[in-house]
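Some notes on the structure that comes next.
Protein chains: 2
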Amino acid sequence: MTEEGDFLERNMGPVEIAKRARLAARRLASVSSETKDLVLRKVADGIDAARDAILEANRADVLEARTTFEEISLSGSLLDRLVLDDVKLRAMAEGVRAVAALPDPSGVVLSRTLLDDGLVLEKVTCPIGVLAVIFESRPDAVTQIGSLALKSGNAAILKGGRESARSTAALLDVFAKALASFPEIPEGALSSVADRAEVDALLALDEHIDLVIPRGGYDLVRHVKAHTRIPVLGHAEGVCHVYVDRAADEAMATAIVLDSKLQYSAACNAAETLLVHRDAAARFLVPLLSRLIDAGVELRACEATRSLAPSVPLSAATEDDWRAEYGGPMLAVRIVDSLDEAVDHVNRYGSHHTEAIVTADAAAAEAFLGRVDAAGVFHNASTRFADGFRYGFGAEVGISTSRIHARGPVGLDGLVTYKYLLRGSGQIVATYSGENARPFQHRTLS
Amino acid sequence: MTEEGDFLERNMGPVEIAKRARLAARRLASVSSETKDLVLRKVADGIDAARDAILEANRADVLEARTTFEEISLSGSLLDRLVLDDVKLRAMAEGVRAVAALPDPSGVVLSRTLLDDGLVLEKVTCPIGVLAVIFESRPDAVTQIGSLALKSGNAAILKGGRESARSTAALLDVFAKALASFPEIPEGALSSVADRAEVDALLALDEHIDLVIPRGGYDLVRHVKAHTRIPVLGHAEGVCHVYVDRAADEAMATAIVLDSKLQYSAACNAAETLLVHRDAAARFLVPLLSRLIDAGVELRACEATRSLAPSVPLSAATEDDWRAEYGGPMLAVRIVDSLDEAVDHVNRYGSHHTEAIVTADAAAAEAFLGRVDAAGVFHNASTRFADGFRYGFGAEVGISTSRIHARGPVGLDGLVTYKYLLRGSGQIVATYSGENARPFQHRTLS
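Taken in sequence, the protein lines are chains E and U.
Just so we're aligned, residue 0 is where the first sequence starts under numbering that gives the first Met the number 0, counting upward by one.
Just so we're aligned, residue 0 is where the second sequence starts under numbering that gives the first Met the number 0, counting upward by one.
As structure tokens, then:
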């Protein structure tokens, strides 16, 4: 990533960038943990040192975003995410140092088996290869994903949002300088494309790119999923439920419902629909809904709920409400006759993200945990716990609702795969085949 | 799977079959290990009991295949795979019993973390959901995949080859009867489609199908990979290499090369290209190549090889040979100047399946193992060891060259994913946020 490298990159198309990333990934896979951590600390120091330049670039981005606000319909919260300041920059540098301090997810021996004397099979984690990361206005995605990719030994191709182009470029420059000062780090380990059109080109390169990570809203993720055969790590929707069972405690149910909906209502793990067992509804539906309304939540309710709580202002829920990710202080409410009905509703309308049951009945809880088809199923806890940091992963790559590869909140583990290493002393398969076949030992080693 | 069910299935389109499979998968996920194993033993007994009917159906398939041999260009080896006899049928029933005897891959606790007092996170394996399995003429794929899918709690939709239609139907009938005698097993747990057109319809159903497993030749796998967004477990090609390093022992190198090429030359893990370090070539290339020729191997060699071994009958290798999967007794041969050149050749032309180095130099071996980008990398052992049974997995679902999800030979583990179960006692995220945030404990439990 010398200046010449930068120049080349500006003149490279997506195919050339991806091919170079593949070659870089192969070299990066055998760079030592120590070197990778030194590079990351240099990146962190670089962010501190380049503070003025980064903030200046960011001010230009923000100015343009404000000017063209209506034209590009950049919402207020996107603008909040775009704005950098001293505090955010320090946090970004600390975030990179924290990634450096994590254990290397690559090179971990997952299992070791003695196939026969002098023939040992190891299953060892290794980087996946080439990641393409597509994110919207948050410039901190650059440092987060850049550091996680490098830590795990993957090459990464980044595409930031148009509105954060200058901030992204300033941060990438910090990375480029740090990477270039270590000869072990191959050119192309971290690269970027700037054009929206180049994203669609990248998404077609399933020969060269192994995993796509979209970080952004529903539209971005849907677009990515619909336009690529490359595996996607992410989730388009978070339609999460809290089911208040017949045997739920009123105070606990109220606290969990309020937290699941309101602790951060724009989050993907916030609840969108409240399911209440008819018996629990008879006991405390009115006070529960009143608490939600007092907290500023708009409710869309089924007919049974509206009959049971005529004093509460409720508009009628339609089929669309069961599928809605409101992304704000709205909640659909439905009364169900049984745990079975709750499970069926969750499996039918949910997005397989995070689902919770509140109940004092251990058998009901285990039935719900077993039968609900989602990345996270919780008993007596808020859906908002579905998060890599809360799970203790140290860093979060994203939350996946896919059933293949990584699922749920994904830590650094989601950026490695494994390979089998077999160390022998001249063994051939003919020895273990046919009439006088020598048997395998297949003994698990520690 | 009553008679009524069979009737319905014949009138159901792929979408209805897949939707029914999704519902079945959700119920199947909580069927006990004991029940699943009882069903499998009943299937095995059913195969024994229905021997006459299965063999009669198979004879009709074989007769038609022979009659229309030229028309459908069914090769001799495909015909061999199609033919069933008493011995093969007994082996199939024993195979199903062996799957029943394996540990249940679902419900295994992968990790357990205390997030805080009374708040425990478990990562637990669970079935993936709905599998679509597309196979060619081998009728034994029905019993193998059917039993592995059921064992792991997945619903499966099978599509056999046209040439084995009657044999497949007879075996599916055995499954249907066994499944129907257990009320816990939902209808649609195992279903099938018969038409080739329906395969393409299935491949489009990424909402309802979670994993596609093609079992067959290159054309089938390429077709499947090119026509679906559903993750595919399999490999299209096996372009495997043996690299004979500078420090290789002649006898060991000769034995490993012969075994890798000839122990079963049609296998995906057979070697297609031999790379030899110049120094080793100077020591024993001529006798090594002579041994291969004596064993009936046709060689395609680089210019350097042909100069060094003018006495050996070698045709010239072209660029196509480096990419070829011969699938028979042919081998490309190339002399390289260094380990680096060998690694580069393997990473460039290989299919990331299985690669071997023969050397007495431990440092060279570790460099090769670390830098070669493949599902299996072997030192001083034949490439033919890349196999689920030889690895000790008990059963093999297939061999995957994908970097995501399962890689290399895949056992029952490849048919499960995981979910996170969080068991709390009323915890909410607000407690762990903001100024007076309570810290997490994140303590690993045994």
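Glycine is no exception: its CB is placed at the ideal position from the N, C-alpha and C atoms.
If you're wondering where the values come from, they're calculated on a predicted model, not measured in any experiment.
task = Taking only beta-carbon positions, decide if E:D293 is within less than 8 Å of chain U.
result = By this cut-off, E:D293 is not an interface position.
ask   = Roughly how many whole angstroms lie between the Cα atoms of U:L39 and E:K418?
value = Cα to Cα, U:L39 sits roughly 32 Å from E:K418.
query = Can the beta-carbon of E:H378 be found closer than 8 Å to that of E:V335?
reply = Their beta carbons are not under 8 Å apart, which means E:H378 does not touch E:V335 by this criterion.
task = For E:D127, return the contacting residues in chain U, with the cut-off set at a CB-CB distance below 9 Å.
result = A small correction: the amino acid at residue 127 of chain E is Ile; Asp does not occupy that position in the sequence shown. Within chain U, the residues R402, I403 have their CB atoms less than 9 Å from the CB of E:I127, given in chain order.
Three-pair Cβ contact test at 8 Å for the segment 163–176 of chain E versus the segment 250–261 of chain E = Between the segment 163–176 of chain E and the segment 250–261 of chain E, the count of C-beta pairs closer than 8 Å stays below three; the two stretches do not touch.
Min CB distance U:L368 to chain E below 8 Å = Taking Cβ atoms only, chain E reaches closer than 8 Å to U:L368, which makes this a yes.
query = Relative to the alpha-carbon of E:L210, which residue among E:D199, E:V14, E:G128 has its alpha-carbon at the smallest distance?
reply = Ranking the options by Cα distance to E:L210, first place goes to E:G128.
key: Start and end residues, beta strand (DSSP E) containing E:R111   = If you look at E:R111, you'll find it in the beta strand (DSSP E) that goes 108–115.
request  = Check the DSSP bridge columns for E:I398 and list the partner residues they point to.
outcome  = In the DSSP output, where bridge partners are listed per residue, E:I398 has E:P408.
request  = Using beta-carbon positions only, say whether U:D194 and U:R245 come within less than 8 Å of one another.
outcome  = The beta carbons of U:D194 and U:R245 sit no closer together than 8 Å.
task = Name the one or two DSSP bridge partners that E:V335 has.
result = E:V335 has E:H276 as its beta-bridge partners, per DSSP.
ask   = Looking at C-alpha atoms only, which residue of U:S31, U:A140, U:V141 is the closest neighbour of U:V107?
value = The residue with the shortest Cα to Cα distance from U:V107 is U:S31.
query = If you count every other CB in all the chains shown that lies within 10 Å of the CB of E:E3, and 16 or more means buried, which is it?
reply = At E:E3 the pLDDT is 39, less than 50, meaning the model places this residue with poor confidence; the figure from the coordinates comes in the next sentence. Counting Cβ neighbours within 10 Å, E:E3 comes out exposed, since fewer than 16 surround it.
message = Which residues in chain U have a C-beta closer than 8 Å to the C-beta of E:N346? List them in chain order.
response = Residues of chain U passing the Cβ test: R25.
task = Specify the secondary structure class of E:V342 as computed by DSSP and reduced to three states.
result = Three-state result, E:V342: helix.
ask   = By the 10 Å Cβ neighbour count, where 16 or more other Cβ atoms means buried, how is E:Q426 classified, buried or exposed?
value = Under this definition E:Q426 is a buried residue.
ask   = Does DSSP classify U:P213 as helix, strand or coil?
value = DSSP places U:P213 in the strand class (E or B) of the three-state scheme.
message = Just list the residues that DSSP pairs E:E354 with in beta bridges.
response = For E:E354, which the question treats as bridged, DSSP gives the partners E:H240, E:V376.
task = Report yes if the CB atom of E:L273 is closer than 8 Å to the CB atom of E:V311, and no otherwise.
result = Cβ atoms of E:L273 and E:V311: not closer than 8 Å.
query = Per DSSP, E:D16 forms a beta bridge with which residues?
reply = With the sequence shown as reference, residue 16 of chain E is identified as Ile, and Asp is not the correct amino acid for it. In the DSSP output, where bridge partners are listed per residue, E:I16 has none listed.
task = Compute the Euclidean distance between the alpha carbons of E:A52 and E:S146, then round it to the nearest angstrom.
result = Cα-Cα distance, rounded: 20 Å.
key: Backbone secondary structure at U:G45 - three-state DSSP   = If DSSP states are grouped into helix, strand and coil, U:G45 belongs with the helices.
ask   = If you run the structure through DSSP and keep just helix, strand and coil, what is E:E121?
value = If DSSP states are grouped into helix, strand and coil, E:E121 belongs with the strands.
Cβ-based burial, E:E33 [other Cβ within 10 Å; buried from 16] = Note on E:E33: under 16 other CB atoms within 10 angstroms of its CB, so exposed under the neighbour-count rule.
request  = Compare the Cα-Cα distances from E:L45 to each of E:A28, E:A294, E:K176, E:D36 and report the closest residue.
outcome  = Per the sequence presented here, residue 45 of chain E reads as Gly, with Leu not at that position. Comparing Cα-Cα distances from E:G45 to each of E:A28, E:A294, E:K176, E:D36, the minimum goes to E:K176.
query = If you measure beta-carbon to beta-carbon, which residues of the segment 274–285 of chain E are closer than 9 Å to chain U?
reply = Answer in chain order: no residues at all.
inquiry  = What would DSSP say about U:R442, mapped onto helix, strand or coil?
reply    = Three-state DSSP puts U:R442 in a strand.
task = Let me know if U:T227 comes out buried or exposed under the rule of 16 or more other beta-carbons within 10 Å of its beta-carbon.
result = With 16 or more Cβ atoms within 10 Å of its Cβ, U:T227 is classed as buried.
key: Residue range of the unbroken alpha helix (DSSP H) whose run includes U:Q143   = For U:Q143, the uninterrupted alpha helix (DSSP H) run begins and ends at 139–151, by DSSP.
message = In the DSSP output, what is E:A154 paired with across the bridge?
response = DSSP lists E:V129 as partners of E:A154.
task = Under 7 Å Cβ to Cβ from U:L114, same chain only, skipping five residues before and after it: list those, please.
result = Same-chain partners within the cutoff: L120, F439, Q440, H441.
ask   = With 16 as the cutoff for other CB atoms within 10 Å, does E:V86 come out buried or exposed?
value = Under a 10 Å Cβ-count criterion, E:V86 is classified as exposed, with fewer than 16 other Cβ atoms of the shown protein chains found around its own Cβ.
ask   = Using the beta-carbon count (16 or more within 10 Å), is E:R437 buried or exposed?
value = With fewer than 16 other Cβ atoms within 10 Å, it is exposed.
inquiry  = Determine, for U:G407, whether the minimum Cβ-Cβ distance to residues of chain E falls below 8 Å.
reply    = Yes, its Cβ sits closer than 8 Å to a Cβ of chain E.
task = List the residues that DSSP assigns as beta-bridge partners of E:L421.
result = Answer is E:L120, U:F377, bridged to E:L421.
Extent of the continuous alpha helix (DSSP H) run through U:E306 = Just to set this straight, residue 306 of chain U is Ser in the shown sequence, not Glu. It spans 302–307 - the alpha helix (DSSP H) in which U:S306 sits, taken as one unbroken run.
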